[in-house]
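Add 418 to a position in the sequence shown, counting from 1, and you land on the number used in our numbering.
Worksheet: the structure to be examined is printed underneath.
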Amino acid sequence: MDGLAVDYFDGRSARAVPARLSFDGASLHLRGENLERQFAPRELRWPERTRHGVRVAELPDGASLHCADGAAWDAFARHCGRGEGWVVRAQQSWRWVLASALATMALLAALYVWGIPAAAQAALALVPLEVDRQIGAAALEQLDEELLKPSRIDALQQRRTRDAFAQALAAQPPGTLPAVRVEFRSSNLGPNAFALPDGTLVLTDELFILADGDADMITGVLAHELGHVRYRHGMRMLLQASAVGVLASIVVGDFNSLLAAAPVVLGQAGYSRDAEREADAESARLLRDAGLSPAVMAAFFEKMARREGGATPLAPLGIAIGSHPADAERIAFFRAAAAQKL
Ligand SMILES: [Zn+2]
419 MDGLAVDYFD GRSARAVPAR LSFDGASLHL RGENLERQFA PRELRWPERT
469 RHGVRVAELP DGASLHCADG AAWDAFARHC GRGEGWVVRA QQSWRWVLAS
519 ALATMALLAA LYVWGIPAAA QAALALVPLE VDRQIGAAAL EQLDEELLKP
569 SRIDALQQRR TRDAFAQALA AQPPGTLPAV RVEFRSSNLG PNAFALPDGT
619 LVLTDELFIL ADGDADMITG VLAHELGHVR YRHGMRMLLQ ASAVGVLASI
669 VVGDFNSLLA AAPVVLGQAG YSRDAEREAD AESARLLRDA GLSPAVMAAF
719 FEKMARREGG ATPLAPLGIA IGSHPADAER IAFFRAAAAQ KL
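See below:
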């Protein structure tokens with residue numbers, strides 16, 4: 419007799435029926451005493467190969483085939499076109515085990531380098547805007563306690579600055595911008611401006627003075643900060659810095675740990691270079707739409723550069739405009755934006 423020797427169990431009685439299993443290229447045939455069955459290979463639940471033990475293959479009706487000769491079964495399975503799954507092969511080889519351990523480590527490293535920023539970006543969509551508002555309010559409160567002092571810029575000049583900025587924003591279609599609010603503060607941060615996640619844009623007196631109160635220039639700076647709010651850069655940074663805790667926050671819907679971490683992270687970490695480019699692009703766009711020249715921002719960064727060229731700049735706030743050196747690339751960007759025809 420040809421075929422593979424197996425024991426057949428009908429699934430009802432415990433009696434083993436010796437049988438032969440053969441394959442005709444399309445169907446499997448099982449023949450034994452008072453036994454004649456035919457079925458497709460895919461109907462059989464093929465056993466996974468293990469190093470030892472009997473191979474047991476099950477049929478949908480509860481019947482099963484047992485084969486004590488593992489090597490013969492495996493040869494038969496290959497004859498039927500049943501290549502072993504790579505999982506089984508891998509499990510049997512220590513080389514594969516080592517390779518997969520190394521691959522896992524590489525994956526973790528990649529996740530750390532590229533994955534967390536990507537994950538933070540995805541997580542951003544899951545964080546309700548209400549959290550941005552709460553974090554912004556809490557952060558300003560804490561900054562006011564520890565770092566900022568009331569502004570000494572007179573109320574009239576503050577109002578003119580706010581009005582000029584509001585007028586520039588009025589060129590945008592209604593409902594297309596995040597809600598923002600301009601706050602003046604005195605500080606030892608030097609000329610600085612920063613955005614909190616709730617849309618509070620803080621301008622230091624020192625920046626106002628550096629810009630000679632130039633309304634267009636300050637509008638450009640505030641528009642840059644508005645870009646950070648629009649793209650939720652602060653929140654993204656916060657999510658990135660506290661990635662693991664944030665995952666838990668999203669799962670349980672409790673953002674208190676994020677609230678607690680906010681002032682520290684916002685104060686220390688800087689936006690990515692890409693985030694700065696996005697905010698610069700937003701500034702150029704808002705200026706142009708308002709009929710103002712983006713050249714004011716090039717002039718602003720030149721002023722910053724001249725200032726930094728002298729004394730060591732004071733430690734800026736992480737999220738602030740001065741968190742990256744005013745470099746040639748940014749100046750060139752605004753010059754090019756200014757040169758474009760309206
Ligand atoms: Zn910025």
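Where is the CB? At the ideal position from N, CA and C, for every residue including glycine.
| Check | Outcome |
| --- | --- |
| Glycine 652 - DSSP class collapsed to helix/strand/coil | helix |
| Proline 478, DSSP secondary structure in three states | coil |
| First through last residue of the alpha helix (DSSP H) which encompasses glycine 429 | Where glycine 429 is concerned, there is no enclosing alpha helix (DSSP H), given that its DSSP letter is neither H nor E. |
| For glycine 450, the three-state DSSP class (helix, strand or coil) | strand |
| Completely contained alpha helix (DSSP H) runs for the segment 573-608, where each covers 4 or more residues | 573-587 |
| Where the alpha helix (DSSP H) containing valine 549 begins and where it ends | 547-564 |
| CB-CB length for alanine 437 against leucine 448, believed under 8 Å | 5 Å |
| Assumed close pair serine 445, glutamine 456 - CB separation to whole angstroms, cut-off 8 Å | 5 Å |
| Inter-residue spacing [alpha-carbon to alpha-carbon] between threonine 637 and glutamate 563 | 27 Å |
| Arginine 783 - containing beta strand (DSSP E), residue span | Not covered by the structure: residue 783. The range shown for the chain is 419 to 760. |
| Rounded straight-line distance, which links the Cα of valine 639 to that of proline 591 | 21 Å |
| Sequence-distant residues of the same chain with beta carbon closer than 6 Å to serine 482, five excluded per side | Phe427, Val474, Glu476 |
| heavy atom of ligand 1 below 8 Å from glutamate 548 C-beta | no |
| Own chain, CB closer than 8 Å to arginine 706, minus 5 neighbours either side, in chain order | Pro712, Ala755, Gln758, Leu760 |
| Contact check, aspartate 698 vs histidine 642, beta carbons under 9 Å | yes |
| For leucine 422, the residue or residues it bridges with in DSSP | Leu439 |
| Range of the contiguous beta strand (DSSP E) that encloses alanine 613 | 611-613 |
| Reference phenylalanine 494, options Trp464, Gly480, Asp616, closest by Cα | Trp464 |
| Rounded C-alpha distance that separates histidine 497 from glutamine 658 | 53 Å |
| Neighbour-count burial assignment, asparagine 606, 16 or more Cβ in a 10 Å radius | exposed |
| Outcome for glutamate 700 when other beta-carbon atoms lying within 10 angstroms are tallied against a minimum of 16 | buried |
| Beta-carbon separation (whole angstroms), arginine 580 vs valine 600, contact threshold 8 Å | 5 Å |
| Contacts around valine 472, its chain only, beta-carbon distance under 7 Å, and the 5 residues preceding and following it disregarded | His484, Cys485, Ala486 |
| Collapsed DSSP secondary structure at phenylalanine 752 in the structure displayed | helix |
| Between the CA atoms of threonine 618 and serine 690 - distance to the nearest angstrom | 20 Å |
| Option nearest leucine 614 by Cα separation, candidates Gln560, Lys567, Asp630 | Gln560 |
| Per-residue burial, serine 431 [other beta carbons within 10 Å of its own, 16 or more giving buried] | exposed |
| Alanine 586 beta carbon near ligand 2 (any heavy atom closer than 8 Å) | Ligand 2 is not part of this structure, which contains only ligand 1. |
| Glutamate 747, DSSP secondary structure in three states | helix |
| Neighbourhood of leucine 566 by C-beta distance below 6 Å, restricted to the same chain and skipping five residues each side | Arg603, Ser605 |
| Whole-number beta carbon distance between arginine 570 and aspartate 623, since they are thought to touch under 8 Å | 6 Å |
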